[in-house]
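The structure appears right after this line, and notes come after that.
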Amino acid sequence: MNAAQNRLTGLTKELHAAWEQTKHHWNDAKSTEFEKRFLDDLFASVNQTVNHIDTLERTLTKIHDDCE
């Protein structure tokens, strides 16, 4: 699960960096609307998902340790 979490985090960082570069060329009301409508929610959802994956990983590790 850590691999999936790391991949998700890495891809999100790449997307964020690409968006920052895009804003140098596209910086108007529509770009701001796009960012607020899609990217802000996406980044928040990814952060929440990463936290859930971390919690799930800890829970699975505890279950595994308890079964030994």
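Note that the sequence shown covers residues 25 to 92 in the numbering used here. Here a beta-carbon is modelled for each residue, glycine too, at the ideal position from N, C-alpha and C.
Endpoints, the alpha helix (DSSP H) within which residue i is located
i   : result
E44 : 26–47
K60 : No alpha helix (DSSP H) contains K60, which DSSP labels as neither H nor E.
Secondary structure of residue i, DSSP reduced to three states
i   : result
E92 : coil
N51 : coil
Cβ-Cβ distance between residue i and residue j below 8 angstroms
i   : j   : result
H40 : F67 : yes
I77 : Q45 : no
M25 : L80 : yes
Assumed close pair residue i, residue j - CB separation to whole angstroms, cut-off 8 angstroms
i   : j   : result
V74 : L32 : 6 angstroms
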